[in-house]
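These notes concern the structure reproduced below.
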Ligand code: NAD
């Protein structure tokens, strides 16, 4: 049951606590990918819209940065309560605009709320440090201050969690924010803004400008926007990082991935199969932490592939709002077509198609059935490229060393998982794999909000990652006061 609208609603930007019409001359359709229905129209806003939002955010920053940290934390606590209360509605919106199933959508809402909870700890997180006696009668104190207006640019695959990596901590630290959500999944952010306002956030502290390239460039170039958080694909992240840095801004860009899971002879194979099915096909493979490649040790490869294929056959595909559906659609028709082209390319390049997701019933929405290749090599396009869809490659390897050599050839290095019962293998894996987020006997090692989301290589550009203490550092600047106090003779 999608948002049925006789006349499709046109979204407005959210600036200074009001829904304001964009200056856009162009609007794009927002689809429910499970039904292909148009559920809203999103403005492709202009540079002028960004300029207005930045001006408002700069004025709001002057006041918000002076609000006591205790008061800011209280607003975060109220926001957390409101998000909890509206959890089901938030999850429903995610399923409608993104396609992931209700359980996954609820999980995403939970992960987003976790970020708000972490940010509510801002009084202790923002504490500086001091040293009483650095020289005779001299002490030093390190204070943290917000930086100003922060710009956030987010992808379609986590409409709640990814924006929540950014604006709650930035705002808790005393900054104001201009958010540009993905034009493919803009609906949820309306609700996020409304609830924050209801929690007591002053107008102008959080602003939303919907759109695409022009809004991104407007954010990158605006002199009052001092820091930029980006999450999205590798080429766009590289562009954002370079252009933002050229403008002398602080930039973090979390980008693409091609995550490998390694299954060793001594692993619990049933557990590995269940976790890898969840990781490779959950959220239709549209996760930066999705498993895209499995390297499996030769002795257990036949058993693993046969159990994996059987489990993939039992995956229920459909509208994520329906009971029991595990695999929803990919986001748009072009993503579906691109995926089907990759499957054809995998076959043409000589991989063996063990399970062909093109043969499932793909009608009605932008569906692609669970697809498994084996006999994949590192020369093949399906191994190199981030497909971002329910397509999994399997490679047989002799041992852990070879499995790690395969994974380390990838240009990406977001996450990697190991399935084993041997602790020495765990240590060897941890020490030798090129990836910033590791999983041991689990499928999706996405760190909780209080740890950094720490991709390496082409999966990340910048120094400070999203989340954890890195995010406090990213959204604050420091002032160190060195002071001399004459010691009078009190005797
Ligand atoms: P995308 O790069 O197409 O879009 C991300 C954002 O950039 C959107 O807001 C979009 O409007 C904007 N954008 C797109 N093209 C642009 C251009 N040419 N110039 C300026 N701005 C542009 O990414 P997506 O398809 O929305 O999301 C999927 C990607 O995000 C995948 O590559 C996935 O791995 C990545 N991702 C990474 C992480 C991480 O933590 N590393 C998390 C989630 C998603």
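Numbering (our numbering), first residue to last: 98 to 588. Heads up, the beta-carbon is just placed ideally off N, CA and C, and yes, glycines get one too. The model shown is predicted, which means the values in this text are computed figures rather than measured ones.
Local Cβ density within 10 Å of residue i, reported as buried at 16 or more and exposed below that
i, result
"residue 587", "exposed"
"residue 310", "exposed"
"residue 545", "exposed"
"residue 234", "exposed"
"residue 490", "buried"
"residue 396", "exposed"
"residue 145", "exposed"
"residue 575", "exposed"
"residue 307", "buried"
"residue 104", "exposed"
"residue 102", "Bear in mind that the predicted position of residue 102 carries a pLDDT of just 49, short of 50, making it too unreliable to give a figure here."
"residue 345", "exposed"
"residue 284", "buried"
"residue 243", "buried"
"residue 439", "buried"
"residue 98", "Unreliable placement is indicated for residue 98, whose pLDDT of 43 sits below 50; the coordinate value is still reported in the next sentence. Result: exposed."
"residue 405", "buried"
"residue 229", "exposed"
Residue nearest to residue i in terms of C-alpha spacing, selected from the options
i, options, result
"residue 348", "104, 573, 204, 114", "573"
"residue 557", "468, 366, 339, 416", "339"
"residue 153", "567, 143, 227, 112", "112"
"residue 319", "570, 247, 393", "247"
"residue 118", "452, 497, 108, 126", "108"
"residue 149", "231, 329, 195, 274", "274"
"residue 428", "121, 105, 135, 122", "135"
"residue 499", "517, 519, 530", "530"
"residue 415", "214, 466, 394", "466"
"residue 241", "256, 249, 223", "223"
"residue 326", "432, 571, 257", "571"
"residue 250", "566, 328, 455", "328"
"residue 179", "157, 288, 513", "288"
"residue 245", "323, 456, 186, 140", "323"
"residue 433", "110, 133, 106", "133"
"residue 443", "474, 299, 554", "474"
"residue 266", "214, 367, 207", "214"
"residue 510", "417, 406, 554", "554"
"residue 303", "201, 220, 420, 161", "161"
"residue 147", "297, 313, 122", "313"
"residue 379", "487, 174, 468", "487"
"residue 165", "139, 220, 138", "220"
"residue 205", "513, 216, 182, 187", "187"
"residue 430", "412, 464, 407", "464"
Bridge partner(s) assigned by DSSP for residue i
i, result
"residue 226", "239"
"residue 155", "In DSSP, residue 155 forms no bridge with anything."
"residue 119", "Beta-bridge pairing links residue 119 to no other residue."
"residue 563", "550"
"residue 359", "392, 515"
"residue 150", "Its beta-bridge partners do not exist; DSSP assigns none."
"residue 580", "236"
"residue 349", "326"
"residue 140", "124"
"residue 277", "250"
"residue 493", "393"
"residue 488", "468"
"residue 134", "129"
The ligand NAD heavy atom lying under 7 Å from the CB of residue i
i, result
"residue 280", "yes"
"residue 322", "no"
"residue 547", "no"
"residue 79", "Any question about residue 79 goes unanswered here, given that the chain covers just 98 to 588."
"residue 164", "no"
"residue 354", "yes"
"residue 336", "yes"
"residue 331", "yes"
"residue 469", "no"
"residue 351", "yes"
"residue 287", "no"
"residue 483", "yes"
"residue 341", "no"
"residue 143", "no"
"residue 614", "The structure shown does not extend to residue 614, since the chain spans only 98 to 588, so no value can be given for it."
"residue 378", "no"
"residue 250", "yes"
"residue 264", "no"
"residue 388", "no"
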